[in-house]
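Chains as they are written, first to last, in this note's numbering: chain A, 400 to 667; chain B, 67 to 321.
Working notes, beginning with the structure itself.
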Amino acid sequence: MSDLSATQPIEVRFRGGGFAPKARRWVGVVVFVVLIALIEAGTRAGWISALTLPKPSDVLETLVGLWDSGLLFKHFNPSLSRLAVGAALGVSVGVGVGILIGLFSYIRAGMVPLVAAIFPIPKIALLPLFVIWFGIDEGSKYALIAFGTFTPTVVATYGAVDNVDRSLIRMGQSFGLSWLSIVRKIVLPGAMPGILSGLRISLAIAIILLVAAEMLGAEYGIGAYILEAGSLYDLERLFAGVVILSLLGVIVSGAIGIVERRLLGWRT
Amino acid sequence: MDIRLDAVSHFYGETEVLRDISVDIPNGQIVCVVGPSGCGKSTLLRFIGGLERPSSGRVLQIGAPPEGSLNPLTYVFQDFALLPWRSVRGNISLVLEDHGIRGTKADRIIGDVLDRTRLTDFGNALPKQLSGGMKQRVAIARALAVNPAVMLMDEPLSALDAQTRELLMDDLVALWTRQPFTAVYVTHNLAEAVRLGHKIVVLSRRPGQVRETIEIDTALADRGYGNAELERVQKHLWTLMRDEARAADEELVDV
Chain A
400 MSDLSATQPI EVRFRGGGFA PKARRWVGVV VFVVLIALIE AGTRAGWISA LTLPKPSDVL
460 ETLVGLWDSG LLFKHFNPSL SRLAVGAALG VSVGVGVGIL IGLFSYIRAG MVPLVAAIFP
520 IPKIALLPLF VIWFGIDEGS KYALIAFGTF TPTVVATYGA VDNVDRSLIR MGQSFGLSWL
580 SIVRKIVLPG AMPGILSGLR ISLAIAIILL VAAEMLGAEY GIGAYILEAG SLYDLERLFA
640 GVVILSLLGV IVSGAIGIVE RRLLGWRT
Chain B
67 MDIRLDAVSH FYGETEVLRD ISVDIPNGQI VCVVGPSGCG KSTLLRFIGG LERPSSGRVL
127 QIGAPPEGSL NPLTYVFQDF ALLPWRSVRG NISLVLEDHG IRGTKADRII GDVLDRTRLT
187 DFGNALPKQL SGGMKQRVAI ARALAVNPAV MLMDEPLSAL DAQTRELLMD DLVALWTRQP
247 FTAVYVTHNL AEAVRLGHKI VVLSRRPGQV RETIEIDTAL ADRGYGNAEL ERVQKHLWTL
307 MRDEARAADE ELVDV
């Protein structure tokens, strides 16, 4: 090595960076702001025509108008209650069936093909059927949303139950815990991460189905509002409705985030 | 309570894993089972605890378990098997709840076992906050809480680094010296076996058979680091096992 000591030392090139996502809080907000500012500038300057996109400031004005007239809550409240009732029904039945599939071989053998057959049906196509079964008013809307959230919840739940650490279950058995205790204290908490991430998908589907249901026979509701605006080609109101839906999605996702932080604090 | 294995043999399908194993596990002693990997040590332990059934032969309990034993045959697992969503106290209370022990009575038991495993200050910690050695101490505390007649320890120190292993061995010795317990201790680490075993059962490679049973009379507390007698026994064990271990290592797995 002695003959090398004369040469200039070079620092070792760092090549270990990247591939480690970090929390960058405000980037998301900046993307929104820049996008909206661009559209605003474009519509004002005229290189985006009024028929292509509405002016964001006009959409905001429409939203403020909705708030002031009280119409916002007249549309928002029925939508929210439909979402809550329908999703609560679908998710609770879905989690129950998912756990049964996860625990019992016969139920698994019987139900998994059935769920696989139901899953790809566009639930919106069944809306007329639900109208006949449950009536044109709230019943059919609850049923549609419940049915739509049921299948993804089932699939997520039994997958989560399958993934519960078997060594923990064996531990429970070796200490003589009862079957019910093992399910309640080991299987359920162990499946919770999977169930909650399934819930994110189920609730997004619920919002989509909510709008679909309201487009077909509802006087009030965000879906009805969007449908009315759309048929009049009133882009400001249409976009106001879309903004409300997006906000609803963000709120739901945030709520699940809070639940996850409370229930899953034990995860590393 | 003693345990007796009476001519236990076992097959997995066509493969013979254990052949005619007869071992006595006397009350108040630690019996170590050593052998090359795949010789059926852990399977044997599952038979003793009733988690699996041998193809032939019997596992017998001789005498009644001690008064107040909630779970006479209690395991300590290699991977600790702690519920990550429960605190240290919660993990111990888990095995008491099913016996209707709650409230102050449970607190007393939990306090006692945490004290014996020197974990009193960590009762409210979650498993993710603990080191491997502490996790295994929690698992041992949990096993002690049900007042077992026999502890079935399945390579309890194998997932730990060498220094932690050394510390935990001292802990186990201290625990036994304070209050002797009966244990079957499965390991592939010969140093652990000569340090903790009153009796060491050497199994051959598959199909596992008892090759030799060695008794060590030195008291556990006197088996310090670098004890000449233990070194000799360990060397003897290794000569018994070396060729088998090599052959087992070079075996193809056909599953």
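Beta carbons are placed, not taken as given, at the ideal position from N, Cα and C, and that holds for glycine.
According to DSSP, simplified to helix, strand and coil, what is S153 of chain B? Taking the first residue of the second sequence as 1, we reach residue 153 of chain B at position 87. Of the three classes helix, strand and coil, the one that applies to S153 of chain B here is coil, per DSSP.
Work out the CA separation of G464 of chain A and V484 of chain A for me, nearest whole Å. Here residue 484 of chain A is taken as the residue at index 85 of the first sequence, counted from 1. Here residue 464 of chain A is taken as the residue at index 65 of the first sequence, counted from 1. Each residue's alpha carbon lies about 29 Å from the other.
Going by the DSSP bridge assignment, what does I158 of chain B pair with across the sheet? On the second sequence, residue 158 of chain B is found 92 positions in, with the first residue counted as 1. Per DSSP, none; premise fails for I158 of chain B.
I need the DSSP call for M67 of chain B, collapsed to helix, strand or coil. Stepping through the second sequence from its first residue, residue 67 of chain B is reached at position 1. Coil at M67 of chain B, not helix or strand.
If the cut-off is 7 Å on Cβ atoms, which residues from the stretch 108-138 of chain B count as contacting chain A, listed in chain order? Per Cβ criterion, the list reads G115, L117 and N137.
Beta-carbon within less than 6 Å of R85 of chain B's beta-carbon, same chain only, minus the 5 sequence neighbours each way: which residues are those? For this step, residue 85 of chain B is matched to residue 19 along the second sequence. Only residues of its own chain outside the window of five on either side were considered, and among them S75, P273 and Q275 have a CB closer than 6 Å to the CB of R85 of chain B, listed in chain order.
Throw me the rounded Cβ distance for the S596 of chain A and A545 of chain A pair, which I believe falls under 8 Å. Sequence index remark: in the first sequence, residue 596 of chain A carries index 197 (1-based). Sequence index remark: in the first sequence, residue 545 of chain A carries index 146 (1-based). Contact between S596 of chain A and A545 of chain A does not hold, since the beta-carbon distance rounds to 20 Å and is not under 8 Å.
Entirely enclosed alpha helix (DSSP H) segments - the stretch 545-614 of chain A, minimum 4 residues: Listed in chain order, they are 565-573 and 587-614.
Residues of the stretch 569-591 of chain A whose Cβ lies closer than 9 Å to any Cβ of chain C, in chain order: Structure shown: chain C not included; protein chains present are A and B.
Which residue comes first and which comes last in the beta strand (DSSP E) that contains Y505 of chain A? Working through the first sequence from its first residue, we reach residue 505 of chain A at position 106. No beta strand (DSSP E) holds Y505 of chain A; the alpha helix (DSSP H) holding it covers S504 to I517.
Taking the alpha-carbon positions, what's the T253 of chain B to A422 of chain A distance? As a first step, residue 253 of chain B is located in the second sequence; it is residue number 187 there, counting from the start. As a first step, residue 422 of chain A is located in the first sequence; it is residue number 23 there, counting from the start. Near 44 Å, if we compare the C-alpha coordinates of A422 of chain A and T253 of chain B.
Taking the DSSP output, what are the residues bridged to V216 of chain B? Translated into the one-based positions of the second sequence, residue 216 of chain B becomes position 150. V216 of chain B is bridged by DSSP to B:L139 and B:T248.
Neighbourhood of V563 of chain A by C-beta, 6 Å cutoff - its chain only, sequence neighbours within 5 removed: Along the first sequence, one-based indexing puts residue 563 of chain A at 164. Excluding residues within five positions, the ones whose Cβ falls inside 6 Å are V586, G589 and A590.
Considering only their Cβ atoms, is the gap separating A605 of chain A from G547 of chain A smaller than 9 Å? Residue mapping note: residue 547 of chain A aligns to position 148 of the first sequence, counting from 1. Residue mapping note: residue 605 of chain A aligns to position 206 of the first sequence, counting from 1. Between G547 of chain A and A605 of chain A, the CB-CB gap stays under 9 Å.
Quick one: using the 10 Å Cβ neighbour count with 16 as the cut-off for buried, is V83 of chain B buried or exposed? As a working mapping, residue 83 of chain B is identified with position 17 in the second sequence. Buried.
I need the straight-line Cα distance from G123 of chain B to L71 of chain B, nearest angstrom please. Sequence index remark: in the second sequence, residue 123 of chain B carries index 57 (1-based). Sequence index remark: in the second sequence, residue 71 of chain B carries index 5 (1-based). Using only the alpha carbons, I get a separation of about 8 Å.
May I ask you to check if the CB of G115 of chain B is nearer than 8 Å to at least one heavy atom of the ligand GDP? Summarising the ligand content, the structure contains no ligands, and the ligand GDP is consequently not present.
Measuring CA to CA, which of B:K194, B:I282, B:E297 and B:I158 is closest to L180 of chain B? Your numbering for residue 180 of chain B matches position 114 in the second sequence. Residue B:I158 is the option with its Cα nearest to L180 of chain B.
Pick out whichever of B:P222, B:L149 and B:G177 has its Cα sitting closest to the Cα of R583 of chain A. Indexing the first sequence from 1 puts residue 583 of chain A at position 184. Comparing Cα-Cα distances from R583 of chain A to each of B:P222, B:L149 and B:G177, the minimum goes to B:L149.
Just to confirm my understanding: we take V642 of chain A, look at its own chain, exclude 5 residues before and 5 after, and list those with CB closer than 7 Å. What are they? As a first step, residue 642 of chain A is located in the first sequence; it is residue number 243 there, counting from the start. V458 and L462, listed in sequence order.
Can you confirm whether the stretch 569-581 of chain A touches the stretch 613-628 of chain A when touching is taken to mean that 3 or more C-beta pairs between the two stretches lie within less than 8 Å? With fewer than three CB-CB distances shorter than 8 Å, the stretch 613-628 of chain A does not count as touching the stretch 569-581 of chain A.
The alpha helix (DSSP H) with T170 of chain B in it runs from where to where? By 1-based counting over the second sequence, the position of residue 170 of chain B is 104. Counting along the chain, the alpha helix (DSSP H) containing T170 of chain B begins and ends at G169 to R182.
Can you give, in chain order, each stretch of the beta strand (DSSP E) that sits fully within the stretch 257-308 of chain B and has at least 3 residues? Counting whole runs of 3 or more residues, the stretch 257-308 of chain B contains the beta strand (DSSP E) stretches 265-269 and 276-281.
Name, in chain order, the residues that DSSP records as bridge partners for T451 of chain A. Your numbering for residue 451 of chain A matches position 52 in the first sequence. Residue pairing for T451 of chain A: DSSP places it in no beta bridge.
When you compare the CB of P150 of chain B with every CB in chain A, is at least one pair closer than 9 Å? Within the second sequence, residue 150 of chain B is the residue found at index 84, counting from 1. P150 of chain B counts as touching chain A.
If you reduce the DSSP assignment to three classes, tell me which class A315 of chain B lands in. As a first step, residue 315 of chain B is located in the second sequence; it is residue number 249 there, counting from the start. Residue 315 of chain B is actually Asp in this sequence, not Ala. In the structure shown, D315 of chain B falls within a helical segment according to DSSP collapsed to helix, strand and coil.
Does any residue of chain B have a CB that is nearer than 9 Å to the CB of T451 of chain A? Working through the first sequence from its first residue, we reach residue 451 of chain A at position 52. No, because no Cβ of chain B sits closer than 9 Å to the Cβ of T451 of chain A.
Does the stretch 103-120 of chain B touch the stretch 301-321 of chain B, meaning 3 or more C-beta pairs lie closer than 8 Å? Yes: the two stretches touch, three or more of their Cβ pairs being nearer than 8 Å.
To the nearest angstrom, how far is it from the Cα of G509 of chain A to the Cα of F518 of chain A? In the first sequence, residue 509 of chain A corresponds to position 110, counting from 1. In the first sequence, residue 518 of chain A corresponds to position 119, counting from 1. A straight-line Cα-Cα distance of about 15 Å links G509 of chain A and F518 of chain A.
Mind listing the chain B neighbours of T667 of chain A? Cutoff is C-beta to C-beta under 7 Å, in chain order. Locating residue 667 of chain A in the first sequence gives position 268, where the first residue counts as 1. The contacting residues are K194.
Under the assumption that L256 of chain B contacts R277 of chain B (Cβ atoms under 8 Å), give the Cβ distance between them as a whole number of angstroms. Residue mapping note: residue 256 of chain B aligns to position 190 of the second sequence, counting from 1. Residue mapping note: residue 277 of chain B aligns to position 211 of the second sequence, counting from 1. Taking the Cβ atoms as the reference, L256 of chain B lies roughly 14 Å from R277 of chain B, outside the contact range of under 8 Å.
Here's a check: name, in chain order, each residue in its chain whose Cβ is nearer than 7 Å to the Cβ of G53 of chain B, leaving out the five neighbours to either side. Residue 53 of chain B lies beyond the range of chain B shown here (67 to 321); nothing can be said about it.
With a cut-off of 8 Å, do at least 3 Cβ pairs link the stretch 137-154 of chain B to the stretch 281-291 of chain B? Under the Cβ criterion (8 Å, minimum of three pairs), the stretch 137-154 of chain B does not count as touching the stretch 281-291 of chain B.
Please name the residues in the stretch 234-249 of chain B whose beta-carbon is closer than 9 Å to at least one beta-carbon of chain A, in chain order. Result list empty, no residue passes.
In this structure, how does DSSP classify R124 of chain B when only helix, strand and coil are distinguished? Numbered from its first residue, the second sequence carries residue 124 of chain B at position 58. In the three-state reduction of the DSSP assignment, R124 of chain B falls in the strand class, which pools E and B.
Anything in the stretch 282-312 of chain B with a Cβ closer than 8 Å to a Cβ of chain A? List those residues in chain order, please. When CB distances to chain A are screened at a threshold of 8 Å, not a single residue of the stretch 282-312 of chain B falls below it.
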